[in-house]
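Student:
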Amino acid sequence: MKTTTKIIASALIVGLFVYGAARLSTTNTSNETVLKREIIEVPNGYGYQIFSGDKLLVQQEFIPAVSGNIPFSSAKDAKKVADLVIDKIQNRTSPQITLEELSELDIELLDIP
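Here it is in structure tokens:
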């Protein structure tokens, strides 16, 4: 009788463990926010949009951290900055971009007065 009780208890513990692990796995997957970027054409250059699902989170038509309304000179530059912003959002840090980060990404700033 004691052996049967031990087997049932062990099976119950293993079952609860498997159930809990499956719930955690499902929870983590469903709570992950899928962010995507779209590069947009704006007058005289490019900008970007960042979406969470269908919800627009960011619309950036000009190079951030730069005075004036200066668009990105290439889609490639807009993509690099959008990817950095997405990385910051996913890491729960401020999505603000600095001039230093623009320099590290080799963002072209030739049109800046």
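At the far end of the sequence shown sits residue 620, using my numbering, and the numbering has no gaps. C-beta atoms are modelled at their ideal positions from N, C-alpha and C, and glycine is treated no differently. Please read these numbers as outputs of a predicted model, since none were measured by experiment.
What beta strand (DSSP E) runs, 3 residues minimum, are completely inside the region 582-612?
Tutor: Runs of the beta strand (DSSP E) inside the region 582-612: none found.
Student: Based on the DSSP output, what are the partners of Leu-563 in its beta bridges?
Tutor: Looking up residue 563 in the sequence shown gives position 56. Paired residue(s): Phe-558.
Student: Do Gln-603 and Pro-571 count as a contact pair if the criterion is CB distance below 9 Å?
Tutor: Counting from one through the sequence shown, the residue named residue 571 turns up at place 64. Counting from one through the sequence shown, the residue named residue 603 turns up at place 96. Closer than 9 Å, so yes.
Student: Return the CA-CA distance between Leu-542 and Lys-583, expressed in angstroms with no decimal places.
Tutor: Mapped onto the sequence shown, residue 542 falls at position 35. Mapped onto the sequence shown, residue 583 falls at position 76. For Leu-542 and Lys-583, the distance between alpha carbons rounds to 18 Å.
Student: I'd like the list of long-range same chain contacts for Leu-612, defined as Cβ closer than 6 Å, with 5 residues on each side in sequence excluded.
Tutor: In the sequence shown, counting from the first residue as 1, residue 612 sits at position 105. Lys-587.
Student: Count the other CB atoms, across all protein chains shown, that sit within 10 Å of the CB of Leu-609; report buried if there are 16 or more and exposed otherwise.
Tutor: Walking along the sequence shown from the start, residue 609 turns up at place 102. The residue is buried, with at least 16 neighbouring Cβ atoms inside 10 Å.
Student: Figure out for me which residue from Gln-566, Lys-562, Val-549 has the closest Cα to the Cα of Phe-579.
Tutor: Taking the sequence shown and counting its residues from 1, the one referred to as residue 579 is at position 72. Ranking the options by Cα distance to Phe-579, first place goes to Val-549.
Student: Just checking my contact of Tyr-555 with Glu-545 at CB under 8 Å: how many whole Å lie between their CB atoms?
Tutor: Taking the sequence shown and counting its residues from 1, one reaches residue 555 at position 48. Taking the sequence shown and counting its residues from 1, one reaches residue 545 at position 38. Yes, Tyr-555 and Glu-545 are in contact; Cβ-Cβ is about 7 Å, under 8 Å.
Student: Please name the residue, chosen from Ser-574, Ile-547, Thr-600, Ile-593, that lies closest to Leu-606 on a Cα-to-Cα basis.
Tutor: In the sequence shown, counting from the first residue as 1, residue 606 sits at position 99. Of Ser-574, Ile-547, Thr-600, Ile-593, the residue nearest in Cα terms is Ser-574.
Student: With a threshold of 8 Å on Cβ separation, who are the neighbours of Ser-476 within its own chain once the five nearest residues in sequence on each side are excluded?
Tutor: Since the first residue of the chain shown is 508 and the last is 620, residue 476 is not available in this structure.
Student: Going by beta carbon distance, what residues of the same chain come within less than 6 Å of Val-565, once the five residues before and after it are set aside?
Tutor: Working through the sequence shown from its first residue, we reach residue 565 at position 58. Cβ within range, chain order: Ile-557.
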